[in-house]
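Notes follow the structure.
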Amino acid sequence: MASLPLLAAVEGGGTSFVLTIAELQPSTSTNASSGDEVVIPHTRFKIIQKTSVSTTTPEETLLNSARFFSSHCPDRGYDSLGICTFGPVGVNPSKDDYGKILPGSPKKDWRNVDILSPILDACSGKNKETPCYKVDTDVNAPAMAEFEYRTKVLNENITSIAYITVGTGIGVGLVINSLPVHGMMHPEGGHVPIAPLVSDENFNGYSWGAKSPYKGINTVEGTASSVALTERLGSSSSSDNRDALKDLPDDHAVWEHASNALANLCVTLVLMTSVEKIVFGGGVMNRNILYSKIRSKTKELLNGYLNLEQVTTDGGLKEYIGPSVWDGYGAGLVGSLALAQKAYDEK
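The opening residue of the sequence shown carries number 1239 in my numbering; numbering runs sequentially from there.
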């Protein structure tokens, strides 16, 4: 009996790299996990191995990632590899920078780092059989996975969706006309400007702003990322101590700044792309109070300009802006596996 295709998947985040090995099942499962089997419902993914490694230096992070895949690699190698990572990253396979973090990254240690090659090497077979592979951002891949679930499983009649991750950085993945947006590179919506709150005049942006648009001042990421939120707390915390956010009460002022910035982003997406659904993920969004704040602020900022139920009524806003359907499994993890499956299906 032929073995099932084996997928290797990487979700490269600012805090950790989530590494997954999964069998691609012959058909879609409608059941959740049972016993030792971890089957993601409504997908063909049966997870065999999964771990995460801390995002430290590029050398250490990629070495630990490669070791994980090497230690479980069959003689034939993996059948396919999907990598979705923080950006900006090269996503055009015809260019030399494909799979490399681009020089404009605010993460200075990661500039020009080749993420693809060492992991692809570790996933190759004993006779150097190289798996097929795809690389995209850690927001575009989840956006596409989210879109396919909503259209194919939930039968939602949409052709567009935005996926926003809010963590150490803020990224926006876009699916427009049923296709992920790439263009010159890929969307970098976390760096669009915002209308700040009055009290923002005392905050000069986050420490990653030196190479960011607008120098990170009054931008979405420069205001609402975990780095920015932690630095706003002042001398009691630093951008390297982002766990401090977990202990803050729901009525702390930082959540007003975060929700205002994220609502500004939603308004920009509504007005520029007319996107039909906005979905959030990322560690900061574990603070559930943010959803109601973002919805009400989005409605306020739009100021009645659009006479649409999605952005004028409480029920419409709750349907329009919400968490990922993959919340329990991780949108990035599912996105990276979906990327690997797409590479396998297209080979």
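Even for Gly, the Cβ is constructed at its ideal location relative to N, Cα and C.
Could you tell me the alpha carbon to alpha carbon distance between residue i and residue j, rounded to whole angstroms?
| i | j | result |
| --- | --- | --- |
| V1327 | G1337 | 6 Å |
| D1347 | L1503 | 28 Å |
| S1254 | L1546 | 39 Å |
| P1561 | T1511 | 20 Å |
| G1230 | S1241 | A query on residue 1230 cannot be resolved here, the shown segment of the chain reaching from 1239 to 1585 and no further. |
| S1332 | L1319 | 18 Å |
| L1509 | T1368 | 43 Å |
| D1583 | C1370 | 10 Å |
| I1259 | E1384 | 20 Å |
| N1386 | N1442 | The residue asked about is misnamed: residue 1386 is Glu in this sequence, not Asn. Whole-angstrom Cα-Cα distance: 40 Å. |
| L1571 | L1340 | 22 Å |
| S1355 | C1311 | 16 Å |
| A1576 | D1317 | 14 Å |
| D1552 | A1501 | 15 Å |
| I1559 | T1281 | 24 Å |
| Y1567 | E1439 | 39 Å |
| R1349 | M1423 | 16 Å |
| P1330 | S1309 | Pro is not the amino acid found at residue 1330; the sequence shown has Asn there. For N1330 and S1309, the distance between alpha carbons rounds to 30 Å. |
| G1447 | A1466 | 10 Å |
Less than 7 Å between the C-beta atoms of residue i and residue j, yes or no?
| i | j | result |
| --- | --- | --- |
| S1497 | K1531 | yes |
| S1464 | I1408 | no |
| G1519 | T1403 | yes |
| K1284 | V1277 | yes |
| S1534 | V1248 | no |
| S1362 | G1315 | yes |
| F1306 | A1246 | no |
| I1396 | E1557 | no |
Taking all protein chains shown into account, do 16 or more other C-beta atoms lie within 10 angstroms of the C-beta of residue i, making it buried, or fewer, making it exposed?
| i | result |
| --- | --- |
| L1244 | buried |
| I1527 | exposed |
| Y1543 | exposed |
| S1303 | buried |
| A1491 | exposed |
| T1295 | exposed |
| S1473 | Reliability of the predicted coordinates at S1473 is poor, the pLDDT of 45 falling under 50, and the value obtained from them is presented with this limitation in mind. S1473 comes out exposed. |
| E1426 | buried |
| V1505 | buried |
| P1344 | buried |
Between residue i and chain D, is there a C-beta pair that is closer than 7 Å?
| i | result |
| --- | --- |
| P1431 | The chain labelled as chain D is not found in the depicted structure, where only one protein chain is given. |
I believe residue i touches residue j by the beta-carbon criterion, under 8 Å. Please report the beta-carbon distance rounded to the nearest angstrom.
| i | j | result |
| --- | --- | --- |
| T1375 | T1323 | 7 Å |
| A1400 | A1381 | 7 Å |
| G1405 | V1522 | 6 Å |
| V1413 | V1377 | Between V1377 and V1413 the Cβ distance is about 11 Å, and since that is not below 8 Å, they are no contact. |
| I1321 | G1251 | Wrong, their Cβ atoms sit about 12 Å apart, outside the cutoff. |
| R1525 | W1493 | 7 Å |
| K1580 | K1372 | 6 Å |
- prompt: Counting pairs of Cβ atoms below 8 Å between the region 1447–1454 and the region 1412–1432, do you hit three or more?
  reply: The region 1447–1454 makes contact with the region 1412–1432, as at least three CB pairs between them are under 8 Å.
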